[in-house]
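Inspection log for the structure reproduced underneath, given as structure tokens.
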Amino acid sequence: MTRLRAGVAILLLLVLAAIAAPAVAAWLGVDPEVPDILARQAPPSIAHPLGTDELGRDILVRLLIGARVSLTVGAAAAVASTVLGLAAGLLAAWRGGWVDALVMRLADGLLALPALPLLVLLAALDPSAIGLPRGDASADVVRIVGILALFGWVGVARLTRAAAISVLARDHVRAARALGVGEGRLLRRHVVPALAAPLAVAGSLAVAGAILAESTLSFLGLGIQPPAASWGNMLANAQDLVFSAPMAALWPGLAIALAVAGAMLVADGLREG
Amino acid sequence: MIVWRVPQIAATLVILSLVAYLAIGAMPGDPISLAMMADPRLGPEDVARMRALHGLDQPLLARWWAWAVGVLRGEFGYSRLFARPAAEVLLPALRGSLVLLGTALALAAGIGVAAGMLAALRPRWRGAVDALALVSQAVPAFWLGILLIILFAVTLGWLPAGGVPDSGGLAEALRFLVLPVATLAVAHLAAYARHTAAAMADVLRAPWITAARARGAPEARIAFRHALPNAAVPLLSILALDAGGLVSGALITETVFARPGMGKLLTDAVMGSDQNLALLALLLVAGVTMLATLAADLAQRALDPRLAA
Amino acid sequence: MQTPPAALTRRAAVLLALTAGAAFPAEAQTQTQTQARDTLTVGIAQATGTFHPNIESMLAKSYILGFARRPLTGHGPDWKPVCFACEAVPTIENGGVVLETTPDGKPGMRVTWRLREDGRWGDGRPVTAEDMRFAWEAGRAFETGFGGAEFYRSAYEFQSSDPRTVTLRFDRVNFEAGSAGGFEPLPAHIDRAIWEADRRNYRSRTAYDTDTANPGLWNGPYRIAAVQPGAGVTLERNAAWAGPAPAFRRINVRVVENSAALEAQLLAGQVDMISGELGLSLDQAIALEKRARGRFRFEYRPGLVWEHLDLRMDQPPLSDLRVRQALMMAIDRGRIVGSLFENRQPVAATAVHPDDPMVDKSLAPWPFDLARAQALLEEAGWKPGPDGIRRNAEGARLSVDLQTTAGNRSRETVLQVIQGMWRAAGVEARIGNQPPRVLFGETLSKRQFNGAVLFAWISSPENVPRTTLHSDEIPRADRNWSGQNFPGYANPEMDALLEALPQELDAEKRRPLWARLQAMTHRDLPALPLWHRAEPHVLPQWLDGVRPTGNMSPSSLWVTDWRVR
Chain B
1 MTRLRAGVAI
11 LLLLVLAAIA
21 APAVAAWLGV
31 DPEVPDILAR
41 QAPPSIAHPL
51 GTDELGRDIL
61 VRLLIGARVS
71 LTVGAAAAVA
81 STVLGLAAGL
91 LAAWRGGWVD
101 ALVMRLADGL
111 LALPALPLLV
121 LLAALDPSAI
131 GLPRGDASAD
141 VVRIVGILAL
151 FGWVGVARLT
161 RAAAISVLAR
171 DHVRAARALG
181 VGEGRLLRRH
191 VVPALAAPLA
201 VAGSLAVAGA
211 ILAESTLSFL
221 GLGIQPPAAS
231 WGNMLANAQD
241 LVFSAPMAAL
251 WPGLAIALAV
261 AGAMLVADGL
271 REG
Chain P
1 MIVWRVPQIA
11 ATLVILSLVA
21 YLAIGAMPGD
31 PISLAMMADP
41 RLGPEDVARM
51 RALHGLDQPL
61 LARWWAWAVG
71 VLRGEFGYSR
81 LFARPAAEVL
91 LPALRGSLVL
101 LGTALALAAG
111 IGVAAGMLAA
121 LRPRWRGAVD
131 ALALVSQAVP
141 AFWLGILLII
151 LFAVTLGWLP
161 AGGVPDSGGL
171 AEALRFLVLP
181 VATLAVAHLA
191 AYARHTAAAM
201 ADVLRAPWIT
211 AARARGAPEA
221 RIAFRHALPN
231 AAVPLLSILA
241 LDAGGLVSGA
251 LITETVFARP
261 GMGKLLTDAV
271 MGSDQNLALL
281 ALLLVAGVTM
291 LATLAADLAQ
301 RALDPRLAA
Chain Y
1 MQTPPAALTR
11 RAAVLLALTA
21 GAAFPAEAQT
31 QTQTQARDTL
41 TVGIAQATGT
51 FHPNIESMLA
61 KSYILGFARR
71 PLTGHGPDWK
81 PVCFACEAVP
91 TIENGGVVLE
101 TTPDGKPGMR
111 VTWRLREDGR
121 WGDGRPVTAE
131 DMRFAWEAGR
141 AFETGFGGAE
151 FYRSAYEFQS
161 SDPRTVTLRF
171 DRVNFEAGSA
181 GGFEPLPAHI
191 DRAIWEADRR
201 NYRSRTAYDT
211 DTANPGLWNG
221 PYRIAAVQPG
231 AGVTLERNAA
241 WAGPAPAFRR
251 INVRVVENSA
261 ALEAQLLAGQ
271 VDMISGELGL
281 SLDQAIALEK
291 RARGRFRFEY
301 RPGLVWEHLD
311 LRMDQPPLSD
321 LRVRQALMMA
331 IDRGRIVGSL
341 FENRQPVAAT
351 AVHPDDPMVD
361 KSLAPWPFDL
371 ARAQALLEEA
381 GWKPGPDGIR
391 RNAEGARLSV
401 DLQTTAGNRS
411 RETVLQVIQG
421 MWRAAGVEAR
431 IGNQPPRVLF
441 GETLSKRQFN
451 GAVLFAWISS
461 PENVPRTTLH
471 SDEIPRADRN
481 WSGQNFPGYA
491 NPEMDALLEA
501 LPQELDAEKR
511 RPLWARLQAM
521 THRDLPALPL
531 WHRAEPHVLP
541 QWLDGVRPTG
551 NMSPSSLWVT
561 DWRVR
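Chains as they are written, first to last, in full-length UniProt numbering: chain B, 1 to 273; chain P, 1 to 309; chain Y, 1 to 565.
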């Protein structure tokens with residue numbers, strides 16, 4: 001229980017920080033996106049508590065603003081993968097037969113693929129080609145979440161399928177089925193509740209995975225586009241000058257580690273029940 | 001049942017190759033467009049001729065078919081990016097990844113399983129092991145890699161900052177391996193530690209372990225002879241997934257440490273529109289992963305007859 | 001029990017300590033390189049593909065081949081044409097270039113090169129006219145796939161009276177023909193048979209790629225002794241080289257594509273120097289110089305690399321000249337160059353480099369003048385809106401796309417600064433960076449951008465910009481998207497200038513044409529000139545004689561001048 005509490009506390013703290021970001025920016029009187037190239041890589045000061053980055057922007061405010069993007073990517077990717085995976089897993093378990101085989105082979109195929117090159121391939125596609133606006137951080141978030149969910153549903157689907165099959169095989173469920181209880185009701189009443197705990201665990205792990213994946217895409221130049229801040233692109237942008245300004249890389253790295261650790265702690269705590 | 005998995009794997013590979021071929025082919029920016037940027041004097045006729053020369057005037061599906069027939073004959077084609085036969089480019093990268101990831105995963109599995117057992121058998125250590133697993137999973141790989149380079153290569157000068165040795169024996173090769181292996185092992189050991197700890201804890205609660213204890217069997221014997229083999233069953237599926245990682249490489253670590261490997265190769269091939277190379281590498285990775293998963297399933301069935309039902 | 005968050009905090013403290021140390025790299029670790037300096041290790045940031053001199057042009061290849069082979073001609077560090085494999089650059093004055101009439105009655109010319117007497121392939125065989133004949137034949141056969149197709153199309157006849165004399169006849173007059181582009185000797189005794197056996201597949205069968213370590217392929221001071229695909233090459237002294245002996249027994253060229261990793265390998269003493277042609281970014285080198293001035297020597301050479309923003313000028317809002325000029329004057333290039341690049345690279349007036357012989361020095365770069373920019377925008381009908389972004393009479397916002405290559409941090413940085421500066425003028429810029437493959441292979445080459453794209457053109461001195469400014473070179477589907485006039489600049493006067501320029505053999509008579517060309521691009525702004533990029537060479541203190549060229553002939557061509565101090 002301590003772990004669940006610690007994890008929730010960390011994540012709550014980060015969410016609060018993200019919510020407070022505009023207020024902090026206003027209080028410090030800085031704009032997180034407008035460069036000030038006369039104040040590049042300034043050391044920490046009252047005006048810039050963590051100093052400034054390679055374009056003279058306040059690192060603290062960018063970290064807080066970046067929390068919004070990174071946490072949104074994490075949460076949205078987790079929800080999307082869980083929903084997709086749940087649907088696919090239930091479908092496979094409930095229909096069985098060729099549907100089951102098809103879904104599971106698709107899952108195996110995706111699992112067997114090296115995810116990163118495919119992420120790169122998908123990330124390289126132009127969002128404006130499918131009608132998303134360009135140069136807009138929210139469009140980038142949608143793109144990244146979509147890509148992550150495309151790979152993330154597999155684990156959830158396998159988990160769901162295994163659990164659903166075992167529930168559907170239980171005597172009282174089979175009896176209910178024989179009595180003519182509707183299929184939808186059956187899934188809702190018996191299967192889904194049994195899945196809540198493992199899904200919560202998988203969802204928390206997906207949050208952690210998505211935050212790390214965002215930083216990896218940024219490392220490759222395919223993450224959230226500048227000037228919007230995310231922890232991943234802050235870290236990636238700092239790497240060229242990492243030897244002269246190591247702190248600019250240190251803070252976003254720590255923020256990522258903290259958020260991932262928080263999500264993992266939640267998963268651990270949930271697993272222990 | 002299990003015999004059906006092999007044709008299924010083969011069918012998946014065929015579909016995969018088709019999908020990947022179409023996806024890479026449909027990506028914006030074909031080789032000729034890129035050549036045009038490099039050589040401004042290419043006129044419209046030159047472009048048309050070059051497209052014909054590269055077969056780009058054929059429909060994608062026809063090109064895939066020609067490629068697939070070639071592969072079945074053992075002709076893997078030519079890597080446009082590296083100007084060498086695709087198989088010849090693949091092998092050194094594969095060797096690089098096997099060495100790097102093999103060492104890292106062996107280390108990760110060894111330390112992870114040991115740490116997991118420690119956590120299960122000595123509750124006092126549990127917190128420390130959990131914390132280790134947590135941190136190791138939370139740190140972004142390229143961040144850790146750069147920190148290690150800054151400390152051990154640049155500041156202290158003990159170890160090379162990356163690359164591969166030009167010459168020298170095993171000792172030199174090992175020196176070059178330390179930092180990248182450490183970066184990778186840290187990322188992978190958490191899964192082993194967590195799963196071992198959980199599985200061992202489960203097994204240790206089993207009645208037959210209690211019975212063995214009651215019989216007065218020594219604790220070490222219980223841990224290694226009774227509990228570990230049973231706890232190993234779920235670990236096999238992690239191992240199988242990591243076996244895929246052995247051939248798919250580790251893009252970030254390979255990039256930060258400038259080592260040749262499959263991760264970098266795959267990404268370069270995809271981004272550089274090098275279809276022959278990308279397809280060959282993708283199929284190799286997917287095939288190995290699926291076969292390893294199959295092997296893990298078989299092994300699990302052998303170890304745990306209940307699963308065979 | 002230790003709680004995980006506490007453990008994390010402690011870990012963080014350790015990491016802090018580590019990185020704090022990194023700000024002061026130890027000075028005492030040059031230990032690995034103190035042995036006799038007969039090996040030089042060079043770091044470059046790009047991997048190579050083919051090693052064939054005429055197939056595909058890549059900076060990394062041209063740098064490596066600079067050590068290992070002698071082209072016919074090139075441009076020296078002073079940007080004057082020089083001969084490598086020949087005795088003198090042919091000109092009208094020395095009789096190497098003779099004007100004549102082609103068999104079908106058009107004005108043409110005949111250019112004669114005299115090959116050096118001491119040119120030798122690495123297996124001891126002399127470099128002869130047969131090697132040039134093979135290069136010309138292979139270049140003319142389009143299925144071979146050589147670059148520079150136009151040169152070979154124009155060179156319709158090859159003549160040779162003796163093994164050291166080579167004459168080409170051209171079906172048009174061009175002042176650049178004497179410096180021969182990519183025309184250079186290819187080892188006929190090795191590659192001709194391969195080419196004749198299968199011309200279509202020569203590109204994948206050439207000995208340059210199947211047998212790269214064959215000494216007979218190389219006629220430079222070094223030969224490629226081993227290739228590690230994607231990781232680098234090892235060069236050894238060429239036993240048959242008859243010129244001045246190079247200083248190093250062996251040169252290793254290492255490929256490290258990640259720039260932070262490249263810098264780390266330099267600091268760790270694993271590479272001795274980083275090539276300026278393709279190594280660190282300028283801002284990275286400047287930051288490094290501040291910390292490691294004593295350990296390394298830094299040389300910055302503003303080269304013929306023109307960083308600019310191509311504008312989509314045939315579509316509103318950028319079709320309005322006033323808007324383009326306003327965008328130009330809203331960018332404070334002086335401040336960017338000053339604070340990001342420490343004034344190491346000159347602000348550009350036009351695409352023509354200030355050191356180019358044909359530059360019009362009277363043409364000053366556009367000034368930074370926010371007030372005039374705003375006035376021009378007002379005049380063009382763009383009035384300030386409630387959110388600070390200007391709107392026209394129909395209420396449309398003045399918003400343009402701003403794109404560059406994703407992953408190029410230096411350019412991404414510049415782009416964000418420009419975005420901020422345009423905002424101050426009431427112009428919204430939407431950044432949408434793309435991987436190089438997409439940006440160059442699709443967005444630019446198929447003209448799918450509709451705002452501004454930041455990238456660079458690399459050229460040689462006095463290079464006529466026909467492909468970027470002639471209206472025939474606007475990429476179109478029916479022309480297979482060939483051409484590089486991405487902005488869509490169409491001006492009959494410019495077309496006439498671009499056609500007249502190459503045919504004028506008298507340099508002094510070319511000068512007014514060049515001046516007019518510069519004045520037109522300066523006024524019409526199909527592209528906003530930013531600056532001429534400087535290449536930062538990072539050299540060890542003990543190495544002398546490396547002369548950055550700043551043009552397409554890499555510094556490695558003069559490796560015989562490199563000396564250990």
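Don't be surprised by glycine CBs; every beta carbon is placed ideally from N, CA and C.
Exercise for the section: Please report how far the alpha carbon of G25 (chain P) lies from the alpha carbon of A490 (chain Y), in whole angstroms. Expected result: Taking the second sequence and counting its residues from 1, the one referred to as residue 25 (chain P) is at position 25. Taking the third sequence and counting its residues from 1, the one referred to as residue 490 (chain Y) is at position 490. A direct Cα-to-Cα measurement between G25 (chain P) and A490 (chain Y) gives close to 33 Å.
Exercise for the section: Please look up how many angstroms separate the CB atoms of V111 (chain Y) and G96 (chain Y), rounded, as I've assumed it's under 8 Å. Expected result: Looking up residue 111 (chain Y) in the third sequence gives position 111. Looking up residue 96 (chain Y) in the third sequence gives position 96. Cβ atoms of V111 (chain Y) and G96 (chain Y) come within 8 Å of each other, at about 6 Å.
Exercise for the section: Just the C-alpha distance for L236 (chain P) and T405 (chain Y), rounded to the nearest angstrom, thanks. Expected result: The residue you call residue 236 (chain P) lines up with position 236 of the second sequence. The residue you call residue 405 (chain Y) lines up with position 405 of the third sequence. Taking the straight line joining both Cα atoms gives about 43 Å.
Practice task
Along the beta strand (DSSP E) that carries T167 (chain Y), what are the first and last residues, could you check?
Solution key: Position 167 of the third sequence holds residue 167 (chain Y). Note, T167 (chain Y): beta strand (DSSP E), 165-170.
Exercise for the section: Report yes if the CB atom of M329 (chain Y) is closer than 8 Å to the CB atom of R372 (chain Y), and no otherwise. Expected result: The sequence position of residue 329 (chain Y) within the third sequence is 329, counting from 1. The sequence position of residue 372 (chain Y) within the third sequence is 372, counting from 1. Yes, the Cβ-Cβ distance between M329 (chain Y) and R372 (chain Y) is below 8 Å.
Practice task
Taking the CB atoms as reference points, tell me whether R533 (chain Y) and L498 (chain Y) lie closer together than 8 Å.
Solution key: Translated into positions along the third sequence, residue 533 (chain Y) becomes position 533. Translated into positions along the third sequence, residue 498 (chain Y) becomes position 498. The answer is no: Cβ separation not under 8 Å.
Problem - Secondary structure of D495 (chain Y), DSSP reduced to three states - result: As a first step, residue 495 (chain Y) is located in the third sequence; it is residue number 495 there, counting from the start. When secondary structure is reduced to three states using DSSP, D495 (chain Y) falls in the helix class.
Problem - Chain-ordered neighbours of S248 (chain P) on chain B, where CB pairs are closer than 9 Å - result: On the second sequence, residue 248 (chain P) is found 248 positions in, with the first residue counted as 1. Neighbours of S248 (chain P) in chain B, taken as residues whose beta carbon is under 9 Å from its own, are L113, P114, A115, L116, P117 in chain order.
Practice task
For chain P, find out if any of its Cβ atoms is closer than 8 Å to the Cβ of A149 (chain Y); answer yes or no.
Solution key: The residue you call residue 149 (chain Y) lines up with position 149 of the third sequence. Interface residue, yes.
Exercise for the section: Taking only beta-carbon positions, decide if Q541 (chain Y) is within less than 8 Å of chain P. Expected result: Here the question's residue 541 (chain Y) lines up with position 541 in the third sequence. Judged by the 8 Å Cβ criterion, Q541 (chain Y) is not in contact with chain P.
Exercise for the section: Run the proximity test for E263 (chain Y): is its beta-carbon closer than 7 Å to any non-hydrogen atom belonging to the ligand COA? Expected result: Ligands displayed in this structure: none; no statement on the ligand COA is therefore possible.
Practice task
Using 10 angstroms around the beta-carbon of T32 (chain Y), count the other beta-carbons present and answer buried if the total reaches 16, otherwise exposed.
Solution key: One-based indexing of the third sequence puts residue 32 (chain Y) at position 32. With a pLDDT of only 45 at T32 (chain Y), under the threshold of 50, the placement of this residue in the model should not be trusted, and no figure is reported.
Exercise for the section: For L212 (chain B), return the contacting residues in chain P, with the cut-off set at a CB-CB distance below 7 Å. Expected result: Working through the first sequence from its first residue, we reach residue 212 (chain B) at position 212. Those within 7 Å of L212 (chain B) in chain P are P140.
Practice task
Keeping to the same chain, check which residues put their C-beta closer than 7 Å to that of L8 (chain B); ignore five residues upstream and five downstream.
Solution key: As a working note, residue 8 (chain B) is residue 8 in the first sequence. Note on residue identity: the sequence assigns Val, not Leu, to residue 8 (chain B). Answer for V8 (chain B): V266, listed in chain order.
Handout entry: Beta-ladder partner(s) of L309 (chain Y), from DSSP
Key = Position 309 of the third sequence holds residue 309 (chain Y). Under DSSP, L309 (chain Y) takes part in a beta bridge, and its partners are Y:L454, Y:L528.
Exercise for the section: In the DSSP assignment, find the alpha helix (DSSP H) that holds R225 (chain P) and state where it starts and stops. Expected result: For the purposes of this step, residue 225 (chain P) is taken as the residue at position 225 of the second sequence. No residue range can be given for R225 (chain P), since it is assigned to no alpha helix (DSSP H) and is classified by DSSP as neither H nor E.
Exercise for the section: With a 10 Å radius around its C-beta and 16 neighbouring C-beta atoms as the bar for buried, classify residue 620 (chain Y) as buried or exposed. Expected result: The question about residue 620 (chain Y) has no answer here: the residues shown for chain Y are numbered 1 through 565.
Practice task
For L258 (chain B), count neighbouring Cβ atoms within 10 angstroms of its own Cβ and tell me buried if that reaches 16, exposed if not.
Solution key: One-based indexing of the first sequence puts residue 258 (chain B) at position 258. Looking at its Cβ environment, which holds 16 or more other Cβ atoms inside 10 Å, L258 (chain B) is buried.
Practice task
Using the DSSP secondary-structure output, state which residues sit across from Y156 (chain Y) in a beta bridge.
Solution key: Along the third sequence, one-based indexing puts residue 156 (chain Y) at 156. Bridge pairing for Y156 (chain Y): absent [DSSP].
Handout entry: Residues that F440 (chain Y) contacts on chain P, provided the C-beta gap is smaller than 8 Å
Key = Along the third sequence, one-based indexing puts residue 440 (chain Y) at 440. Residues of chain P passing the Cβ test: G29, S33, L34, M37.
Practice task
Taking 8 Å as the threshold, find out whether the stretch 38-57 of chain Y comes into contact with the stretch 243-258 of chain Y through three or more Cβ pairs.
Solution key: Segments in contact, yes.
Exercise for the section: Determine contact between the stretch 211-228 of chain P and the stretch 276-286 of chain P, defined as no fewer than three beta-carbon pairs at a distance below 8 Å. Expected result: No, the stretch 211-228 of chain P is not in contact with the stretch 276-286 of chain P.
Exercise for the section: Assuming A68 (chain Y) contacts G220 (chain Y) (C-beta within less than 8 Å), just tell me the rounded distance between them. Expected result: On the third sequence, residue 68 (chain Y) is found 68 positions in, with the first residue counted as 1. On the third sequence, residue 220 (chain Y) is found 220 positions in, with the first residue counted as 1. Taking C-beta atoms under 8 Å as the contact rule, A68 (chain Y) and G220 (chain Y) qualify, at a distance of about 5 Å.
Exercise for the section: Following the continuous alpha helix (DSSP H) through Q345 (chain Y), name the residue where it begins and the one where it ends. Expected result: Residue mapping note: residue 345 (chain Y) aligns to position 345 of the third sequence, counting from 1. No alpha helix (DSSP H) holds Q345 (chain Y); DSSP gives it neither H nor E.
Problem - Beta-carbon neighbours of L186 (chain Y), restricted to chain P and to distances below 9 Å - result: The residue you call residue 186 (chain Y) lines up with position 186 of the third sequence. The contacting residues do not exist; L186 (chain Y) stays about 16 Å from chain P at best.
Exercise for the section: Would you mind giving the Cβ-Cβ distance between G29 (chain B) and A42 (chain B), rounded to the nearest angstrom? I have them listed as a contact below 8 Å. Expected result: For the purposes of this step, residue 29 (chain B) is identified with residue 29 of the first sequence, where counting begins at 1. For the purposes of this step, residue 42 (chain B) is identified with residue 42 of the first sequence, where counting begins at 1. About 15 Å; that fails the 8 Å criterion.
Practice task
Say whether chain B places a C-beta atom closer than 8 Å to the C-beta of T212 (chain Y).
Solution key: The residue labelled residue 212 (chain Y) in the question sits at position 212 within the third sequence. Among the CB atoms of chain B, none fall inside 8 Å of the CB of T212 (chain Y).
Practice task
Hey, could you find the ends of the beta strand (DSSP E) A225 (chain Y) is sitting in?
Solution key: In the third sequence, residue 225 (chain Y) corresponds to position 225, counting from 1. Annotation: the continuous beta strand (DSSP E) that includes A225 (chain Y) extends over 222-228.
Practice task
Give the single residue among B:V260, B:P227, B:D100 whose Cα lies nearest to the Cα of L205 (chain B).
Solution key: One-based indexing of the first sequence puts residue 205 (chain B) at position 205. Of the residues B:V260, B:P227, B:D100, the one whose Cα lies closest to the Cα of L205 (chain B) is B:V260.
Handout entry: Cross-strand partners of W113 (chain Y) (DSSP beta bridge)
Key = Within the third sequence, numbered from 1, the residue matching residue 113 (chain Y) stands at position 113. BP columns for W113 (chain Y) point to Y:V166.
Practice task
Per DSSP, which residues does Q403 (chain Y) bridge with? Please list them.
Solution key: On the third sequence, residue 403 (chain Y) is found 403 positions in, with the first residue counted as 1. Q403 (chain Y) is bridged to Y:V453.
Handout entry: Within-8 Å CB hit, Q275 (chain P) to chain B
Key = As a first step, residue 275 (chain P) must be located in the second sequence, where it is residue number 275. No, Q275 (chain P) does not count as interfacial toward chain B.
Practice task
Consider the Cβ of W481 (chain Y): report whether some Cβ of chain P lies at a distance smaller than 8 Å.
Solution key: Position 481 of the third sequence, counted from the first residue, corresponds to residue 481 (chain Y). For W481 (chain Y), the answer is yes, since a Cβ of chain P falls inside 8 Å of its Cβ.
Problem - Pair within 8 Å by beta-carbon distance, A527 (chain Y) and L311 (chain Y) - result: Indexing the third sequence from 1 puts residue 527 (chain Y) at position 527. Indexing the third sequence from 1 puts residue 311 (chain Y) at position 311. It is a contact, given that the beta carbons lie within the stated cut-off.
Problem - Candidates B:S45, B:V191, B:A39, B:D58, of which the one nearest A21 (chain B) by Cα - result: In the first sequence, residue 21 (chain B) corresponds to position 21, counting from 1. For the options B:S45, B:V191, B:A39, B:D58, the alpha carbon positioned closest to that of A21 (chain B) is the one of B:D58.
Problem - chain P within 8 Å of I224 (chain B), Cβ atoms only - result: Along the first sequence, read from residue 1 onward, the residue named residue 224 (chain B) stands at position 224. Not an interface residue.
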